[in-house]
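First residue of the sequence shown? That's 4 in this note's numbering, and the numbers climb one at a time after it. For reference, the structure discussed in these notes is given below.
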Amino acid sequence: PGWADLAACALLLAAGALTVCLHPALREREVLAHTRYAVALGDWDRVLALATPAQCDRDETLIPLALLDLQEKSQLGERMFTYPVIQEDDFDRCDRDNEPESLFFLGFLYERLGGYNEAIHNFYQLSSSQDHGTSFLVLRQLLSDYYQLGNYTLAEKYCQILSRSTLHGQYVRHFRRLMAEGEAREPDPPAVRSGMPLASHNPLENLFQLGSVGLYSPAIAERTLCTLLLQGELGAFHALFETVYHDGDAIPRHYQEALLLAGQTPAGISPAVRQRFDAFQADMLSGTAELLRDRYQGTYWYYYLAHSQF
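Laid out in C-alpha cells, this is it:
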C-alpha cells in the first residue's frame with residue numbers, strides 16, 4: 004500500500020506539472036510570476052530571459068517590466084522598439100496606474116529612480132488592492148525603501164513583522180546590520196525629498212519633478228527621451244537630446260532613427276542607419292503596409308508611422 008500511495012502521488016504531481024506546461028494561460032501566469040520575482044530580486048538578466056519580445060507579444064503585462072530591465076541596463080534607446088510597444092501605456096502604465104500590475108511596476112520603477120516615497124505609496128496601494136492583504140514581497144520592499152529614506156524607526160517596524168515569519172530572517176538580519184553600521188536619522192525634509200506621492204498622472208511631469216529635487220540621473224534622462232519619442236514630440240526630443248548627448252558620445256539606435264526623422268543629422272549617426280532611412284523613405288512612397296511592417300517593424304520609424312496622427 005505504501006508504494007501504491009507513492010505511485011499515486013507521483014502520478015498526480017506529473018499530471019499537475021503537465022497541465023501547467025501545456026495550458027497556455029497557466030504557462031503565461033507562471034512566466035509572469037517568475038518575472039515579477041526576478042524584478043523583486045533585481046535579477047535583471049533573468050527578467051530579460053523571461054520577458055522576451057515574443058513572450059511580451061503574448062502577454063502585454065510583461066512589457067513594462069521588460070522595459071524596466073532595459074532601463075537598468077541603459078539600453079532603452081537602443082532596444083525599446085524591438086519589443087511590441089504600441090502605445091505609451093506599454094511603457095509607463097499611465098492609463099492604468101490603479102491596477103495591481105501597474106502598482107507593482109510603478110513601485111519598482113520609482114524605487115530604481117530614487118523616488119522612495121512614491122515607491123512606498125505604490126506598494127501600499129498594491130497591498131490595499133489585494134484580497135490577501137500585504138504580501139511578504141511588499142513588506143520587504145517597504146523595509147528596504149524606509150531604510151533608503153533613512154527612516155530607521157519604520158524600517159525596524161517591518162523588521163519586527165518579518166522576523167516572525169519563517170523564511171525572511173536573513174533579509175531582516177541584513178538590514179539590521181546596515182542600520183547598526185549607520186546612524187539612525189530622521190527622513191530628509193520634504194524639500195530635499197521627491198515630495199511624493201505625486202498627484203500627477205502625467206509621466207513626464209513626474210520625471211521632471213524627480214529631477215527638480217535633485218534626483219536627476221542618466222536613467223531619468225533616458226526615460227524622458229523615450230517618453231517624448233512615444234508621444235511623437237520630436238522637437239522636444241531633439242532639444243533634450245542636445246543637452247544630454249555631446250560630440251563623440253555613442254548615440255543609441257532608436258535615437259538615431261528619431262533624429263533622422265526630425266531632419267537632424269548630428270555626428271554619430273551610423274552610415275548603416277542613414278542608408279536604412281533612405282530605403283525607408285523610398286519604401287514609404289512605393290511600398291505596401293505589409294512590406295513596411297516586414298522591413299521596419301522594430302524601428303522607431305515604424306512606430307511613428309503607425310501613429311502618424313502625430
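Note that CB positions come from ideal geometry on N, CA and C, so glycine has one too. If you're wondering where the values come from, they're calculated on a predicted model, not measured in any experiment.
Nearest in C-alpha terms to Tyr-86, of all of Gly-235, Gln-278 and His-257, is His-257. Close CB contacts of His-204 within its chain, under the 8 Å cut and outside five residues either way in sequence, are with Cys-97 and Asp-100 (chain order). As the crow flies, the alpha-carbon of Glu-81 is around 18 Å from that of Asp-250. Fully contained in the region 99-123 are the following alpha helix (DSSP H) runs of length 4 or more, in chain order: 103-116. The Cβ atoms of Phe-108 and Leu-71 sit closer than 8 Å to each other. With a 10 Å radius around the Cβ and a threshold of 16 neighbouring Cβ atoms, Arg-39 comes out buried. An exposed status is given to Ala-57, since fewer than 16 other beta-carbon atoms sit within 10 Å of its beta-carbon. Counting every other CB atom within 10 Å of its CB across the protein chains shown gives Phe-139 a total below 16, marking it as exposed. Taking C-alpha positions only, Phe-211 is separated from Gly-118 by approximately 12 Å.
Just so you know, the alpha carbons of Tyr-113 and Leu-288 end up roughly 43 Å apart. In its chain, beyond the 5 residues on either side, Leu-65, Ile-66, Ala-69, Tyr-86 and Pro-87 have a beta carbon closer than 6 Å to the beta carbon of Cys-59.
When the beta-carbon positions are compared, Leu-228 and Leu-243 come within less than 8 Å of each other. Around the beta-carbon of Gln-74, 16 or more other beta-carbon atoms lie within 10 Å, marking it buried. Scanning the region 227-271 from its first residue to its last, no whole beta strand (DSSP E) run of 3-plus residues comes out. Membership of Val-216 in any alpha helix (DSSP H) is not indicated, and neither H nor E is assigned to it by DSSP.
In this structure, the CA atom of Gln-284 is about 36 Å from the CA atom of Asp-48. The alpha-carbon separation between Glu-225 and Gly-266 amounts to approximately 21 Å. Rounded to the nearest angstrom, the Cβ distance from Leu-264 to Tyr-307 is 6 Å, consistent with a contact under 8 Å. Counting only the Cα atoms, Pro-103 lies some 6 Å from Leu-129. Gly-235 places its beta carbon less than 8 Å from that of His-310. Taken atom to atom, the span from the alpha-carbon of Thr-291 to that of Gln-278 is near 20 Å. DSSP, read as helix, strand or coil, puts Lys-76 in coil. The criterion of a C-beta distance shorter than 8 Å is satisfied by Gly-301 and Phe-84.
When only Cα atoms are considered, Asp-148 and Leu-213 end up about 16 Å apart.
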